[in-house]
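Trainee: Have a look at this one.
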Amino acid sequence: MSVKDILVHVDGGEGDKATIAAALAIAVRFGARLTGLFARTENSGPSLVARQPSDQFKAAAASAQAAIEAACSQAGLVSRWWLIPHGGVSDLISEVLFCGYYADLVIIGQDAAKGVHVHDSFAEDLILKSGRPVLMIPKDYAGPTVGARVALGWRAGREAARAVADSLPFLESADMVKVVAVGPRTHAPDYLPPVNVVEHLSAHGIHAEGEQLEIEGLGVMDALLSRAYDHNADLLVVGAHGGYVLPLGRGSATRHLLRHAQVPVMFSH
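Residue numbering for the sequence shown follows our numbering, beginning at 29 and increasing consecutively.
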């Protein structure tokens, strides 16, 4: 897979600056087209009932559009602007999902992950239903790069395998790749081939180093983030299970990463 068509969600919030900057850097890196998508909910009221945006909604959209178009123009990037022109909760996620189907990568900010201007399940719905990798940019992230130093969370399974495939464009051009395997060590039957993810990545010309964290439960999330910080990673890659479950942990694991990570995280399902 190559990254040539990127969709970045903005909502006029404080996190847009970091989200746009990261999306721009990634688009420049891969020579991709960048599409800005404005979508946010509004409080109930006469304007919402009539599906007419408020003045505040219009102002936020105009500000976000100007920021994206100015950044892309300065970088010489091809850009597009899409607007979901209402703040209705019921249709918003399905319409954002529809837009996401036509992108190689969907980028969101941490405010969206926390449900600041959208429904609090917005980010999880995108991750689990879009069929696309979703990259979350922390609200205060100011790193110069995203994906130059990658930590890959691994536990053998469909979602983790999908995460590896989705992140290959980043892994192939990264300066560092650390595979952080989590959970108890397991031993495959002798008749199965002696493969592992580090060996698989080497077939793509990726020099990765592996390590094992023998830990279970939600503590896995904090341990994984800690290792990403220890390695000075600017991207953490994980696979996401349905029902808000990651192969790296259970319960609210997806939401925990979305809300607490201080490093960009790419989720694949």
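All C-beta atoms in this analysis are idealised placements derived from N, C-alpha and C, irrespective of residue type, glycine included. Note that this is a predicted model, so its numbers are computed, not measured.
Taking the alpha-carbon positions, what's the Leu35 to Arg61 distance?
Mentor: Indexing the sequence shown from 1 puts residue 35 at position 7. Indexing the sequence shown from 1 puts residue 61 at position 33. When rounded, the distance between both Cα atoms is 9 angstroms.
Trainee: Sort Val265, Leu154, Leu286 and Ser107 by Cα distance to Ala209 and report the nearest one.
Mentor: Looking up residue 209 in the sequence shown gives position 181. Checked all of Val265, Leu154, Leu286 and Ser107; the closest Cα to Ala209 is Val265.
Trainee: Cutting at 6 angstroms between CB atoms, please list the residues of its own chain near His284, excluding the five before and the five after it.
Mentor: The residue you call residue 284 lines up with position 256 of the sequence shown. Taken in chain order, the residues that qualify are Met249.
Trainee: What number of angstroms, rounded off, separates the C-alpha of Phe198 from the C-alpha of Met294?
Mentor: By one-based count along the sequence shown, residue 198 stands at place 170. By one-based count along the sequence shown, residue 294 stands at place 266. Roughly 11 angstroms separates the two Cα atoms.
Trainee: For a minimum of 4 consecutive residues, which ranges assigned as the alpha helix (DSSP H) are wholly contained in the segment 129-215?
Mentor: 138-141, 150-157 and 186-200
Trainee: How far does the alpha helix (DSSP H) with Met294 in it reach, from first residue to last?
Mentor: For the purposes of this step, residue 294 is identified with residue 266 of the sequence shown, where counting begins at 1. Boundaries around Met294 are those of the beta strand (DSSP E), Val293 to Ser296, since no alpha helix (DSSP H) includes it.
Trainee: Please state if the CB of Trp109 and the CB of Glu123 are separated by a distance shorter than 9 angstroms.
Mentor: Your numbering for residue 123 matches position 95 in the sequence shown. Your numbering for residue 109 matches position 81 in the sequence shown. Cβ atoms of Glu123 and Trp109: not closer than 9 angstroms.
Trainee: For Ser201, which option in Ala49, Ala94, His235 and Ser91 has the closest C-alpha, if you only look at C-alpha atoms?
Mentor: By one-based count along the sequence shown, residue 201 stands at place 173. The option with the nearest alpha carbon to Ser201 is His235.
Trainee: Report the three-state DSSP secondary structure of Leu274 (helix, strand or coil).
Mentor: Position 246 of the sequence shown, counted from the start, is the residue given in the question as residue 274. Residue confidence is low: Leu274 scores 45 on pLDDT, short of 50, so the model does not pin down where it sits. Its coordinate-derived value is still stated next. Correct three-state label for Leu274: strand.
Trainee: In chain order, what residues of the same chain lie with their CB nearer than 7 angstroms to the CB of Ala95, ignoring the 5 residues before and after it?
Mentor: Locating residue 95 in the sequence shown gives position 67, where the first residue counts as 1. So the qualifying residues of the chain are Asp44 and Ile48.
Trainee: For Arg57 and Gln93, what's the separation of their Cα atoms in angstroms?
Mentor: The sequence position of residue 57 within the sequence shown is 29, counting from 1. The sequence position of residue 93 within the sequence shown is 65, counting from 1. Rounded to the nearest angstrom, the two C-alpha atoms are 22 angstroms apart.
Trainee: Within the same chain, show all residues whose beta-carbon is closer than 6 angstroms to that of Leu196, passing over the 5 residues directly before and after it, in chain order.
Mentor: If you number the sequence shown from 1, residue 196 lands on position 168. Contacts found: none.
Trainee: For Asp33, tell me which candidate among Arg160, Ile165 and Asn260 has the shortest Cα-Cα distance.
Mentor: The residue given as residue 33 occupies position 5 in the sequence shown. Nearest of Arg160, Ile165 and Asn260 to Asp33, Cα basis: Arg160.
Trainee: How many angstroms separate the CA atom of Ala261 from the CA atom of Gln80?
Mentor: The count along the sequence shown starts at 1 and reaches residue 261 at position 233. The count along the sequence shown starts at 1 and reaches residue 80 at position 52. Put simply, the backbone Cα of Ala261 is about 43 angstroms away from that of Gln80.
Trainee: Gly247 lies in the alpha helix (DSSP H); which residues open and close that run?
Mentor: Looking up residue 247 in the sequence shown gives position 219. For Gly247, the enclosing alpha helix (DSSP H) begins and ends at Gly247 to Asp258.
Trainee: Does the beta-carbon of Pro292 have 16 or more other beta-carbons within 10 angstroms, so that it is buried, or is it exposed?
Mentor: On the sequence shown, residue 292 is found 264 positions in, with the first residue counted as 1. Buried.
Trainee: Which residue's Cα is closest to the Cα of Arg186: Ile54, His37, Thr69 and Gly267?
Mentor: Sequence index remark: in the sequence shown, residue 186 carries index 158 (1-based). Comparing Cα-Cα distances from Arg186 to each of Ile54, His37, Thr69 and Gly267, the minimum goes to Gly267.
Trainee: Beta carbon of Asn260: closer than 8 angstroms to some heavy atom of the ligand MG?
Mentor: Only the bare structure without any ligand can be found here, which leaves the ligand MG out of the picture.
Trainee: Taking Cβ to Cβ, would you say Asp83 is nearer than 9 angstroms to Phe66?
Mentor: Reading the sequence shown from its first residue, position 55 is the one you call residue 83. Reading the sequence shown from its first residue, position 38 is the one you call residue 66. Going by C-beta atoms, Asp83 is not nearer than 9 angstroms to Phe66.
Trainee: Can you tell me whether Ala193 is buried or exposed? The criterion is at least 16 other CB atoms within 10 Å of its CB, across all chains shown.
Mentor: As a position in the sequence shown, residue 193 is number 165, starting the count at 1. Ala193 counts as exposed, since fewer than 16 other C-beta atoms from the protein chains shown sit within 10 angstroms of its C-beta.
Trainee: In the DSSP assignment, what residue or residues form a beta bridge with Ser91?
Mentor: Residue numbering aside, residue 91 sits at position 63 when the sequence shown is read from its first letter. Paired residues: none, contrary to the question.
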